[in-house]
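As structure tokens, the structure follows; a few thoughts come after it.
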Amino acid sequence: MPDWFTTPDGRKLAFHQTRGQGLGVVFLGGFRSDMTGTKAAHLQAWAETSGRAFLRFDYSGHGQSSGRFEEGCIGDWFADARAIIEGLTTGPQVLVGSSMGGWISLLVARALPHRVAGLVGIAAAPDFTQDLMWDSYPEAEQQALKAQGWRAEPSAYSEDPYVVTLKLIEDGAQHLVLRKPLALPFPVRLLQGTADVDVPPSVALRLLDHATSPDLQLTLVKGADHRFSTPECLDLMVRAIAEVSDNV
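Residue numbering for the sequence shown follows this note's numbering, beginning at 78 and increasing consecutively.
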């Protein structure tokens with residue numbers, strides 16, 4: 078069973094936390110994902126074995142946390158992440174952001190640079206509501222979304238479509254990180270599969286080119302898809318955490 082954290086906005090977030098030594102690690106999941114996924118579970122087992130402090134949680138509207146997914150947006154999920162990191166951890170943390178969690182990690186790093194020791198992005202998807210959603214819609218579909226307030230999108234991971242709201246698009250536009258300077262004053266590792274059709278490698282290359290960091294590296298894994306959850310990919314994720322931790 079999870080533990081529970083209530084944010085200043087009154088949202089009730091489910092979380093699991095492992096006490097340990099050294100720099101703490103925080104896993105930030107993806108869009109419509111939760112903390113029971115393969116990568117989060119692998120890091121939980123790794124943390125328990127290695128004695129490392131580790132935190133995983135569900136954003137509001139995700140997993141076991143309160144709220145409805147359709148009512149949430151990037152700003153809400155960023156606020157959730159900031160609140161739980163400030164409320165449950167002490168000192169600098171290593172942020173591990175998967176897909177949307179990569180964007181949320183960058184927002185946390187921009188807001189709380191003193192609380193971030195390093196960052197690992199796994200198929201990080203900064204600005205995806207603008208670049209991968211809104212800008213990909215034909216004008217007629219953009220107008221329909223504005224008029225209706227939502228649209229249904231097919232999902233590669235479920236038989237049921239998911240809802241994209243106008244709120245998600247408009248709020249996402251207020252939290253873009255690739256349109257202005259992005260200083261990351263700590264080690265960063267970006268991991269990206271070449272066979273990722275949800276967040277293409279071009280996104281990782283754009284982030285690599287855009288951000289400034291004293292130690293920023295991108296690793297492309299040939300044939301890896303968006304899940305990035307093969308044993309080899311999971312091992313690479315753990316090695317990346319070790320690299321950014323050792324280079325602090």
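The beta-carbon is built from N, C-alpha and C at its ideal position, and this holds for glycine as well.
No experiment lies behind these values; they were computed from the predicted model shown.
Measuring only the C-alpha atoms, how far is residue i from residue j?
{"i": "residue 121", "j": "residue 133", "result": "8 Å"}
{"i": "residue 228", "j": "residue 275", "result": "18 Å"}
{"i": "residue 140", "j": "residue 238", "result": "17 Å"}
{"i": "residue 218", "j": "residue 206", "result": "15 Å"}
{"i": "residue 32", "j": "residue 279", "result": "Outside the modelled stretch of the chain, which goes from 78 to 325, sits residue 32, for which no answer is possible."}
{"i": "residue 277", "j": "residue 287", "result": "16 Å"}
{"i": "residue 408", "j": "residue 242", "result": "Residue 408 is absent from the model: the chain starts at 78 and stops at 325."}
{"i": "residue 188", "j": "residue 176", "result": "19 Å"}
{"i": "residue 116", "j": "residue 214", "result": "31 Å"}
Going by the CB atoms, is the gap between residue j and residue i shorter than 8 Å?
{"i": "residue 144", "j": "residue 88", "result": "yes"}
{"i": "residue 165", "j": "residue 82", "result": "yes"}
{"i": "residue 289", "j": "residue 267", "result": "no"}
{"i": "residue 170", "j": "residue 265", "result": "no"}
{"i": "residue 174", "j": "residue 201", "result": "yes"}
{"i": "residue 111", "j": "residue 94", "result": "no"}
{"i": "residue 152", "j": "residue 248", "result": "yes"}
{"i": "residue 157", "j": "residue 137", "result": "yes"}
{"i": "residue 162", "j": "residue 179", "result": "no"}
{"i": "residue 168", "j": "residue 128", "result": "no"}
Note down, in chain order, each residue of its chain lying with its Cβ closer than 6 Å to the Cβ of residue i, except the 5 sequence neighbours on either side.
{"i": "residue 119", "result": "311"}
{"i": "residue 204", "result": "253, 255"}
{"i": "residue 295", "result": "267, 281, 285"}
{"i": "residue 246", "result": "206, 211"}
{"i": "residue 142", "result": "90, 91, 135"}
Which partner residues does residue i have in the DSSP bridge list?
{"i": "residue 199", "result": "175, 268"}
{"i": "residue 134", "result": "92"}
{"i": "residue 101", "result": "170"}
{"i": "residue 80", "result": "92"}
{"i": "residue 296", "result": "268"}
{"i": "residue 240", "result": "229"}
{"i": "residue 260", "result": "289"}
{"i": "residue 316", "result": "DSSP lists no partner for residue 316."}
{"i": "residue 129", "result": "98"}
{"i": "residue 193", "result": "170"}
Grab me the residues of residue i's own chain with a C-beta within less than 7 Å of its C-beta, minus the 5 sequence neighbours each way, in chain order.
{"i": "residue 318", "result": "102, 171, 173, 197"}
{"i": "residue 190", "result": "262"}
Under 8 Å Cβ to Cβ from residue i, same chain only, skipping five residues before and after it: list those, please.
{"i": "residue 322", "result": "99, 100, 171, 194, 195"}
{"i": "residue 313", "result": "268, 296, 298"}
At least 3 beta-carbon pairs within less than 8 Å: the region 294–314 vs the region 96–106 = no
Validate contact between the region 231–240 and the region 202–211 using beta carbons, cut 8 Å, 3 pairs = no
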